[in-house]
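Undergrad:
Residue numbers (the working numbering), protein chains in the order written: chain A, 1314 to 1383; chain B, 55 to 318.
1) For residue 1340(A), name the three-state secondary structure that DSSP assigns.
2) For chain B, is any of its Cβ atoms less than 8 Å away from the one on residue 1348(A)?
3) Quickly, what does DSSP pair residue 124(B) with across the bridge? List them, please.
4) How would you write the range of the beta strand (DSSP E) that residue 1373(A) sits in, first residue to last?
5) Determine whether the beta carbon atoms of residue 139(B) and residue 97(B) lie at a separation below 8 Å.
6) Identify the continuous alpha helix (DSSP H) that holds residue 57(B) and give its terminal residues.
7) Pairs of beta-carbons, one from the stretch 75 to 88 of chain B and one from the stretch 112 to 126 of chain B, closer than 8 Å: are there three or more?
8) Hey, quick one: how far does the alpha helix (DSSP H) through residue 310(B) stretch, first residue to last?
9) Any beta-carbon of chain B closer than 8 Å to the one on residue 1375(A)?
10) On the criterion of 16 or more Cβ atoms from any shown chain inside 10 Å, does residue 202(B) qualify as buried, or is it exposed?
11) Relative to the alpha-carbon of residue 1375(A), which residue among 1327(A), 1340(A), 1383(A), 1326(A) has its alpha-carbon at the smallest distance?
12) Indicate the three-state DSSP secondary structure (helix, strand or coil) for residue 1361(A) in the structure shown.
13) Going along chain B, which residues have a C-beta under 7 Å from residue 1315(A)?
14) Below 8 Å on C-beta distance, what does residue 1360(A) contact in chain B?
15) Near residue 219(B), what residues of its chain come up, given a Cβ to Cβ distance below 8 Å and the 5 sequence neighbours on each side ignored?
16) In whole angstroms, what separates the C-alpha of residue 1322(A) from that of residue 174(B)?
17) Would the stretch 1359 to 1368 of chain A count as touching the stretch 1325 to 1337 of chain A if we require 3 or more Cβ pairs under 8 Å?
18) Can the beta-carbon of residue 100(B) be found less than 8 Å from the beta-carbon of residue 1349(A)?
19) For chain B, find out if any of its Cβ atoms is closer than 8 Å to the Cβ of residue 1339(A); answer yes or no.
20) Going straight from the alpha carbon of residue 227(B) to that of residue 118(B), what length do you get?
21) Quick one, which of 160(B), 263(B), 198(B), 132(B) has its alpha-carbon nearest residue 66(B)'s?
22) For residue 91(B), does the count of other Cβ atoms within 10 angstroms reach 16, so buried, or fall short, so exposed?
23) Measure from the C-beta of residue 67(B) to each C-beta in chain A and report whether the shortest distance is under 8 Å.
24) I want to verify the contact list: residues of chain B whose CB lies under 7 Å from the CB of residue 1352(A), in sequence order.
25) What does residue 1342(A) touch in chain B if you count any residue whose Cβ is under 7 Å from its own?
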């Protein structure tokens, strides 16, 4: 089973559970200074909740950054 | 006269987008040349190997600092109230503003706002403390509902996003102005020419939000200045009081003692 971060699959054992903070280490190769925000299964997760919000297989994480817009 | 957006007084009545410019340098020059103090931006999925996103964010922060302005994040790409609410919350955390340009698109062909989802999202966001600037069609009743929900600012379209077709339905837009005299009305989307912006201001609109018309010009910096001047001209024309149209011709030059007057 997998979790998905920005559409990319990462393996996670069935029944396993990891924090959002842990999951973000799959996405980022180094500690982040960049600007981003997170949604889990299309629900916003605030930065203060990264350590206490947990992800299981089948979940989907979106990590978004600023971009130009009209 | 200053434009007031949710209590913030702004010197310029132009709100400007940050997309589609030939380069970040031209974007910065054009936005600063426009005099605008409100710059729209958005969010996208992050690619950790790509550095350009952080670079753009740095540019935008510089622009806001230099213009003493404000960021206005949008919810572009959202098709449901739930998506828009989530994106608004993510934007609030990143950009540290409770302003949100609320877009909920109902049709992929002309990017027309979905009025039902828009109203639902507006209600939820206002309850959560957001200051909502809704992008909507030029439908009087939808604008009225948005105002009743607590939107101090309403942003009906001139025409579909990016078309440059200008004011498709001036009657609708004039009626919205007439019926919502206390709302801050910003004409958003579809503006193509400086004269479009001037026309909106002559109608008594409080401001104009545009992006493509400047970003896609051959010379975006010059076009930004042109729009700035057009907005000022339109605003002054509205304040000065535009003459009533008349059905028949009236000579401008006095007719008394006209030479060579033909007596018949």
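Backbone N, C-alpha and C fix where the C-beta goes; we use that ideal spot for every residue, glycine too.
TA: According to the data block:
1) helix
2) yes
3) The partner list for residue 124(B) (beta bridge, DSSP) reads 92(B).
4) 1373 to 1381
5) no
6) Segment 57 to 59 is the beta strand (DSSP E) holding residue 57(B); no alpha helix (DSSP H) there.
7) yes
8) No alpha helix (DSSP H) holds residue 310(B); DSSP gives it neither H nor E.
9) yes
10) With a 10 Å radius around the Cβ and a threshold of 16 neighbouring Cβ atoms, residue 202(B) comes out exposed.
11) Between residue 1375(A) and the set 1327(A), 1340(A), 1383(A), 1326(A), the nearest pair of CA atoms involves 1340(A).
12) Reduced to three states, the DSSP call for residue 1361(A) is helix.
13) Neighbours of residue 1315(A) on chain B: none; closest Cβ ~17 Å, over 7 Å.
14) Neighbours of residue 1360(A) on chain B, chain order: 147.
15) Hits under 8 Å: 212, 213, 244, 246.
16) 33 Å
17) yes
18) Their beta carbons are under 8 Å apart, which means residue 100(B) touches residue 1349(A) by this criterion.
19) no
20) Pairing residue 227(B) with residue 118(B), the inter-Cα distance amounts to about 30 Å.
21) 263(B)
22) By the 10 Å Cβ count, residue 91(B) comes out buried.
23) no
24) 140, 144
25) For residue 1342(A), the chain B residues whose Cβ falls inside 7 Å of its Cβ are 102, in order along the chain.
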